[in-house]
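Chains as they are written, first to last, in numbering that gives the first Met the number 0: chain A, 0 to 117; chain B, 0 to 117. Backbone N, C-alpha and C define an ideal beta-carbon position, used for all residues, glycine too.
2 protein chains.
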Amino acid sequence: MDDQLSRVFSALADPIRRDMVARLAVGDATVNELAEPYSVTVQAVSKHLKVLEDAGLVSRSKQAQRRPVHLEAEVFDLMTKWIERYRQEAEQRYQRLDAVLAEMTEQPEQTRVEGEAS
Amino acid sequence: MDDQLSRVFSALADPIRRDMVARLAVGDATVNELAEPYSVTVQAVSKHLKVLEDAGLVSRSKQAQRRPVHLEAEVFDLMTKWIERYRQEAEQRYQRLDAVLAEMTEQPEQTRVEGEAS
DNA sequence: GTTGTGTTCAACCGAGAGGTTGAGTAAGGA
DNA sequence: TCCTTACTCAACCTCTCGGTTGAACACAAC
Chain A
0 MDDQLSRVFS ALADPIRRDM VARLAVGDAT VNELAEPYSV TVQAVSKHLK VLEDAGLVSR
60 SKQAQRRPVH LEAEVFDLMT KWIERYRQEA EQRYQRLDAV LAEMTEQPEQ TRVEGEAS
Chain B
0 MDDQLSRVFS ALADPIRRDM VARLAVGDAT VNELAEPYSV TVQAVSKHLK VLEDAGLVSR
60 SKQAQRRPVH LEAEVFDLMT KWIERYRQEA EQRYQRLDAV LAEMTEQPEQ TRVEGEAS
């Protein structure tokens with residue numbers, strides 16, 4: 000869990016943290032505001048925010064005693080880039096496979112159609 | 000960790016598993032082939048594959064004693080949709096903020112930054 | 001049959017995640 | 001000054017994760 004990509008994916012693997020991101024997309028919020036909807040302590044929420052912050056997904060400023068949390072959009076690009084890369088490769092392979100299968104339709108010997116996965 | 004989105008993010012939070020996905024984007028592979036480049040046992044790799052399978056990222060078919068692993072592209076859409084949604088919202092907010100700040104550049108009194116929801 | 005290969009299952013272990021409670025810090029308000 | 005609010009830090013607990021080893025299963029090949 001050293002690289003940023005791992006931290007980002009790991010951060011968003013938790014439903015509460017994803018929910019917080021959704022909430023922060025609407026506007027900045029304080030720790031207490033973020034904690035309100037959940038049945039966990041404020042301390043737990045503070046920990047969640049630290050995880051999001053370490054992943055670069057949010058930043059925390061200082062406003063009197065408040066620590067308004069702000070969503071950082073840039074990091075999302077890191078993920079989308081990674082995802083898009085392999086999604087496209089996989090889809091291209093899929094289309095190539097379809098073409099190959101179409102070619103050998105007349106000779107259906109033990110075709111072993113992928114996917115399948117029992 | 001019940002919903003699929005959590006499983007998918009969690010699965011991709013591990014560098015080895017991301018690497019496997021990258022490898023499978025090029026073409027299907029068996030467990031032993033996938034295990035080769037890493038300094039872990041085949042059993043560990045089998046476990047990783049189970050995680051990826053539970054997330055719907057790969058499927059395993061049956062070929063004699065082999066279990067060729069195949070990358071499933073569809074699930075990536077689930078992630079990209081989620082990500083794009085909040086990235087766009089956040090970016091829009093950012094642009095709105097820029098506009099607001101540009102408007103009040105001449106009057107810099109304790110700006111008390113944007114949206115703020117609350 | 002027996003043996004070899006590819007893979008999974010089961011039990012275990014150490015580290016870390018997510019939660020708690022309790023105390024500590026920092027600022028505003030009486 | 002003292003109290004309250006907003007938050008973090010520290011210690012602890014439990015459960016999961018990623019790894020191991022050892023055994024079992026499924027099929028091929030001899």
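Under the 8 Å criterion on CB atoms, G26/B is classed as interfacial with respect to chain A.
Using a Cβ-Cβ cut-off of 8 Å, L70/A counts as an interface residue toward chain B, since at least one Cβ of chain B sits closer than that to its own. DSSP places V25/A in the uninterrupted alpha helix (DSSP H) bounded by P14 to V25. Sequence-distant partners of V57/A (beyond 5 residues in either direction) whose C-beta falls short of 7 Å from its own C-beta, in its chain, are L23, L48, L51, V68, H69, L70 and E71.
The Cβ atoms of S38/B and P14/A do not sit closer than 8 Å to each other. By the criterion of a C-beta distance shorter than 7 Å, V41/A is surrounded in its chain by V30, N31 and A34, once the five residues flanking it on both sides are discounted. Contact between F8/A and F8/B holds: CB atoms are separated by about 5 Å, below the 8 Å threshold. DSSP places R65/A within a strand segment (E or B) once states are collapsed to three. Around the beta-carbon of V20/A, 16 or more other beta-carbon atoms lie within 10 Å, marking it buried. Counted as a single uninterrupted DSSP element, the beta strand (DSSP E) harbouring V57/B occupies residues V57 to R59. The beta carbon of D27/B sits closer than 7 Å to those of P67, V68 and H69, all from its chain and outside the five residues before and after it, given in chain order.
Sixteen is the threshold: since fewer than 16 other Cβ atoms of the shown chains lie within 10 Å of the Cβ of V25/B, the residue is exposed.
Within chain B, no residue has its beta carbon less than 8 Å from that of D18/A; the closest one is some 11 Å off. Per DSSP, the beta bridge partners of A28/A are V68/A.
Contact between A12/B and A12/A holds, since their C-beta atoms are separated by about 6 Å, short of 8 Å.
Chain-order list of chain A residues neighbouring I82/B: F75, M78, T79 and I82, by C-beta distance under 8 Å. When R17/B, R84/B, Q3/B and D2/B are compared, the shortest CA-CA separation from R84/A is found for R17/B.
Distance check between Q3/A and each of L77/A, K61/A and A63/A places L77/A closest, using alpha-carbon atoms only. Between the alpha carbons of Q64/B and S45/B lies a distance of about 14 Å. Taking 8 Å as the CB threshold, Y85/B lines the interface with chain A.
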